[in-house]
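Protein chains in written order, with the UniProt record's numbering: chain A, 1 to 226; chain B, 1 to 226. Read the structure below first, then the notes.
Protein chains: 2
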Amino acid sequence: METTRAGRPRLTERRRPGTTAREEILDAAGELFTTRGYASTSTRAIAEAVGIRQASLYHYFKTKDELLSALLHQTVTPTLTFLSALRHDDPSAAQCLHALAAFDGAQLLTSRWNLGALYLLPELREARLATFWTERERLRLAYLDLSRAILASTGVADDAADLPFRLVESLVNMWSQPPQSDHAKLAGHVADACLRVLGVSDDLPDLRASTHHYLGRNGPAKVGRL
Amino acid sequence: METTRAGRPRLTERRRPGTTAREEILDAAGELFTTRGYASTSTRAIAEAVGIRQASLYHYFKTKDELLSALLHQTVTPTLTFLSALRHDDPSAAQCLHALAAFDGAQLLTSRWNLGALYLLPELREARLATFWTERERLRLAYLDLSRAILASTGVADDAADLPFRLVESLVNMWSQPPQSDHAKLAGHVADACLRVLGVSDDLPDLRASTHHYLGRNGPAKVGRL
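What follows is the structure in structure tokens.
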């Protein structure tokens with residue numbers, strides 16, 4: 001058990017992870033949206049879960065939609081940042097897709113709340129979440145481009161091109177809290193599976209090695225969250 | 001354009017597909033749960049969408065949970081029935097998995113409402129939906145057993161065993177209404193992908209032929225819905 005840092009309790013005990021009020025609010029919203037449901041959660045309930053007044057919450061987020069949008073961005077932004085860094089190394093399409101899937105999968109599996117589960121909410125079709133959809137579409141198209149480049153050399157039908165993105169996304173259904181101890185291994189197997197559905201199998205040991213290298217340098221721990 | 005069967009309108013116009021009031025209610029609930037959200041939909045709104053009184057609805061379903069449970073069963077029951085019929089033919093594990101995935105995938109893609117999108121609802125953790133979870137778990141374990149039998153001969157890591165089920169499930173994210181015209185083709189490609197993630201690739205043409213045979217006999221059109 002950890003000892004507390006201060007001898008006597010702070011007047012305003014910090015209840016949530018995060019170094020800023022904004023992060024604490026996002027954490028509470030992530031918990032309530034994914035455990036009680038989006039429609040059933042009020043901004044007042046979120047403020048109460050953080051231990052602040054509703055008026056203070058509005059200082060950071062004007063609407064519940066804004067909170068949802070910020071949370072959803074957290075599910076794609078780190079991966080887009082990783083991909084952007086990865087591309088500086090000029091990896092092959094197969095190396096790039098394998099590393100991308102392993103990173104993205106690990107992100108989804110280790111998120112504190114299962115935010116990916118919110119993707120299918122009817123509320124998400126709202127135009128107000130358009131910037132999130134644009135970013136997610138950017139990510140999907142990045143997967144698609146890489147998949148198509150690989151399919152061109154394996155001869156597997158082009159219909160398989162969307163499956164790697166969907167395979168990684170399906171990790172949302174395997175999320176657990178606390179994360180499975182072998183989440184990095186599971187994400188790695190999903191990365192393998194992404195290549196297999198495109199018809200690649202012989203090169204997997206080499207691809208695992210290059211992914212290990214890329215993730216070691218730019219892996220989840222080194223990419224900013226929130 | 002179709003001509004109407006009767007010269008003058010019926011007093012109580014049937015608004016929804018289904019031959020019984022129960023089916024009409026389920027259709028309306030499926031639409032509202034998947035478009036407006038479960039928490040935001042009242043049983044009164046469902047009754048109104050069917051054109052009946054709320055008291056009449058309660059005659060068929062006592063609670064909103066009962067409605068949700070019935071809808072969710074529709075997403076797994078036809079597949080379990082298909083699998084049961086399939087087993088009488090004593091197919092190999094690979095043949096069985098390929099046909100199962102193609103059938104299950106086609107079901108998910110052609111359902112009138114995207115009911116699979118409800119799987120991740122926080123409300124679904126409720127104990128009242130236990131019978132649905134039991135059936136879905138039966139289906140998941142059937143996939144898992146088949147996958148493990150295949151992995152034993154391909155030498156791919158056992159961690160891939162859950163991926164075929166997840167791949168098919170990911171079709172929930174590709175659902176559209178009306179269904180894509182090539183939904184059977186897409187489901188077939190996902191069936192191929194299920195085998196590929198387990199390390200099978202050479203036998204795919206044969207597996208497609210056997211699946212074509214099994215689906216022709218017991219395919220979606222011949223399996224009862226609702």
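For each residue, glycine too, the CB sits at the ideal point set by N, CA and C.
Taking a contact to mean a Cβ-Cβ separation below 8 Å, would you say Val197 (chain B) touches Ala160 (chain B) in this structure? As a position in the second sequence, residue 197 (chain B) is number 197, starting the count at 1. As a position in the second sequence, residue 160 (chain B) is number 160, starting the count at 1. Yes.
For my contact list, Leu124 (chain A) and Trp175 (chain A) are in at a C-beta cut-off of 8 Å; report their separation, rounded to the angstrom. Along the first sequence, read from residue 1 onward, the residue named residue 124 (chain A) stands at position 124. Along the first sequence, read from residue 1 onward, the residue named residue 175 (chain A) stands at position 175. 18 Å between Cβ atoms; not a contact.
Where residue 237 (chain B) falls, given that 16 or more other Cβ within 10 Å makes a residue buried: The question about residue 237 (chain B) has no answer here: the residues shown for chain B are numbered 1 through 226.
Is it a yes or a no for the segment 133 to 149 of chain B touching the segment 72 to 84 of chain B, going by three-plus beta-carbon pairs under 8 Å? yes
Could you check if Gly37 (chain A) is buried or exposed, using at least 16 other CB atoms within 10 Å of its CB as the buried criterion? Locating residue 37 (chain A) in the first sequence gives position 37, counting from the first residue. Buried, by the Cβ-count rule.
Where Ser111 (chain A) and Ile52 (chain B) are concerned, what is the direct C-alpha to C-alpha distance, given to the nearest angstrom? One-based indexing of the first sequence puts residue 111 (chain A) at position 111. One-based indexing of the second sequence puts residue 52 (chain B) at position 52. Ser111 (chain A) and Ile52 (chain B): Cα-Cα distance of roughly 44 Å.
Where do the ends of the alpha helix (DSSP H) carrying Asp158 (chain B) lie? Counted from its first residue, the second sequence places residue 158 (chain B) at position 158. Here Asp158 (chain B) belongs to no alpha helix (DSSP H), and DSSP marks it neither H nor E.
When DSSP labels each residue in this structure, what does Leu141 (chain B) get in the three-state scheme? By 1-based counting over the second sequence, the position of residue 141 (chain B) is 141. Of the three classes helix, strand and coil, the one that applies to Leu141 (chain B) here is helix, per DSSP.
Measuring alpha carbon to alpha carbon, tell me which of B:Ser56, B:Ser147, B:Ala29 and B:Glu48 ends up nearest residue 236 (chain B). Only positions 1 to 226 of chain B appear in the structure, and residue 236 (chain B) is not among them; the question remains open.
Three or more C-beta pairs closer than 8 Å, one from the segment 91 to 99 of chain A and one from the segment 31 to 50 of chain A: is that the case here? no
Nearest neighbour of Phe103 (chain B), chosen from B:Pro17, B:Ala187, B:His213 and B:Leu195 [CA to CA]: Taking the first residue of the second sequence as 1, we reach residue 103 (chain B) at position 103. Looking at the Cα atoms, B:Ala187 is the closest of the given residues.
Let me check understanding here. Comparing Cα to Cα, which of B:Thr154, B:Ile150 and B:Gln74 lies closest to Trp113 (chain B)? In the second sequence, the residue the question calls residue 113 (chain B) occupies position 113. If we check each option's Cα against that of Trp113 (chain B), B:Gln74 comes out closest.
Beta-carbon contacts of Leu207 (chain A) that lie in its chain and below 7 Å, excluding the five residues immediately before and after: Along the first sequence, one-based indexing puts residue 207 (chain A) at 207. Taken in chain order, the residues that qualify are Ala94, Gln95, His98 and Leu195.
Using only alpha-carbon positions, find the residue among B:His88, B:Leu118 and B:Thr154 that is nearest to Asn173 (chain A). The sequence position of residue 173 (chain A) within the first sequence is 173, counting from 1. Residue B:Leu118 is the option with its Cα nearest to Asn173 (chain A).
For a test of the three-state rule: what should DSSP assign to Ile150 (chain A), helix, strand or coil? Counting from 1 along the first sequence, the entry for residue 150 (chain A) is found at position 150. For Ile150 (chain A), the three-state secondary structure derived from DSSP is helix.
Please report how far the alpha carbon of Leu32 (chain B) lies from the alpha carbon of Arg44 (chain B), in whole angstroms. In the second sequence, counting from the first residue as 1, residue 32 (chain B) sits at position 32. In the second sequence, counting from the first residue as 1, residue 44 (chain B) sits at position 44. The straight-line gap from Cα to Cα measures roughly 11 Å.
Helix, strand or coil at Asp90 (chain A) according to DSSP, with G and I counted as helix: As a first step, residue 90 (chain A) must be located in the first sequence, where it is residue number 90. In this structure, Asp90 (chain A) counts as coil in the three-state DSSP scheme.
Per DSSP, what kind of secondary structure is Phe132 (chain A) in: helix, strand or coil? As a first step, residue 132 (chain A) must be located in the first sequence, where it is residue number 132. The answer is helix: DSSP assigns Phe132 (chain A) an H, G or I state.
Just tell me which of B:Arg87, B:Tyr214, B:Ser170 and B:Arg128 has its CA closest to the CA of Gly105 (chain B). By one-based count along the second sequence, residue 105 (chain B) stands at place 105. The residue with the shortest Cα to Cα distance from Gly105 (chain B) is B:Ser170.
For a contact defined as C-beta to C-beta under 7 Å, what are the partners of Pro122 (chain B) on chain A? As a working mapping, residue 122 (chain B) is identified with position 122 in the second sequence. Neighbours of Pro122 (chain B) on chain A, chain order: Thr34, Thr35, Arg36 and Gly37.
Answer with buried or exposed for Thr3 (chain B), where buried requires no fewer than 16 other C-beta atoms within 10 angstroms of its C-beta. The residue given as residue 3 (chain B) occupies position 3 in the second sequence. Any reading at Thr3 (chain B) must be qualified, since the residue scores a pLDDT of 40, below 50, and its modelled position is unreliable; the value itself is stated next. Thr3 (chain B) comes out exposed.
Within 10 Å of its beta-carbon, does Tyr143 (chain A) have 16 or more other beta-carbons around it, so buried, or fewer, so exposed? The residue given as residue 143 (chain A) occupies position 143 in the first sequence. Tyr143 (chain A) is buried by the Cβ-count criterion.
Should Pro205 (chain B) go down as buried or exposed, given a rule of 16 or more other Cβ atoms within 10 Å for buried? Here residue 205 (chain B) refers to the residue found at position 205 of the second sequence. The residue in question, Pro205 (chain B), is exposed, as its Cβ has fewer than 16 Cβ neighbours within 10 Å.
Cut-off 6 Å between Cβ atoms - residues of its own chain near Leu129 (chain A), not counting five sequence neighbours on either side: Here the question's residue 129 (chain A) lines up with position 129 in the first sequence. Contacts found: Ser69.
Grab the span of the alpha helix (DSSP H) containing Thr34 (chain B) for me, first residue to last. The sequence position of residue 34 (chain B) within the second sequence is 34, counting from 1. Ala21 to Thr35 is the extent of the alpha helix (DSSP H) around Thr34 (chain B).
By a C-beta neighbour count over all protein chains shown, 10 Å radius and 16 as the cutoff for buried, is Tyr58 (chain A) buried or exposed? Numbered from 1 along the first sequence, position 58 holds the residue referred to as residue 58 (chain A). Exposed, by the Cβ-count rule.
Ordered along the chain, which non-local residues of its own chain (more than five positions away) have a Cβ less than 6 Å from that of Gly18 (chain A)? Translated into the one-based positions of the first sequence, residue 18 (chain A) becomes position 18. Cβ neighbours of Gly18 (chain A) beyond the five flanking positions: Glu24 and Asp27.
Presumed contact (8 Å Cβ cut-off) between Gly155 (chain A) and Ser201 (chain B), rounded CB distance: Here residue 155 (chain A) is taken as the residue at index 155 of the first sequence, counted from 1. Here residue 201 (chain B) is taken as the residue at index 201 of the second sequence, counted from 1. No, Gly155 (chain A) and Ser201 (chain B) are not in contact; Cβ-Cβ is about 11 Å, not under 8 Å.
Same chain only: Cβ atoms within 8 Å of Thr131 (chain A), ignoring 5 sequence neighbours per side: Here residue 131 (chain A) refers to the residue found at position 131 when the first sequence is read from its first residue. Cβ contact annotation for Thr131 (chain A) (same chain, cutoff 8 Å, sequence separation greater than five): Ser69 and His73, in chain order.
Among residues of its own chain, excluding the 5 on either side of Leu167 (chain A), which ones have a beta-carbon nearer than 8 Å to its beta-carbon? In the first sequence, residue 167 (chain A) corresponds to position 167, counting from 1. These residues qualify, in order along the chain: Ala101, Val190, Ala193, Cys194 and Val197.
Leu121 (chain A): which of B:Tyr214, B:Thr211, B:Tyr60 and B:Thr35 sits nearest, CA to CA? Here residue 121 (chain A) is taken as the residue at index 121 of the first sequence, counted from 1. It is B:Thr35.
Going straight from the alpha carbon of Asp65 (chain B) to that of Ser210 (chain B), what length do you get? As a working note, residue 65 (chain B) is residue 65 in the second sequence. As a working note, residue 210 (chain B) is residue 210 in the second sequence. When rounded, the distance between both Cα atoms is 39 Å.
Quick check: the Cα distance between Asp145 (chain B) and Ser56 (chain A), rounded to an integer number of angstroms? One-based indexing of the second sequence puts residue 145 (chain B) at position 145. One-based indexing of the first sequence puts residue 56 (chain A) at position 56. C-alpha separation (whole angstroms): 53 Å.
Whole-Å CB distance - Ser153 (chain B) paired with Pro164 (chain B), under 8 Å assumed: Counting from one through the second sequence, the residue named residue 153 (chain B) turns up at place 153. Counting from one through the second sequence, the residue named residue 164 (chain B) turns up at place 164. Taking C-beta atoms under 8 Å as the contact rule, Ser153 (chain B) and Pro164 (chain B) fail to qualify, at a distance of about 15 Å.
Can a CB atom of chain A be found closer than 8 Å to the CB of Ser147 (chain B)? Residue numbering aside, residue 147 (chain B) sits at position 147 when the second sequence is read from its first letter. Not an interface residue.
7 Å Cβ cut-off: residues of chain A touching Val197 (chain B): On the second sequence, position 197 is the one that residue 197 (chain B) refers to. Near Val197 (chain B) (Cβ distances below 7 Å), the residues of chain A are Ala193, Arg196 and Val197.
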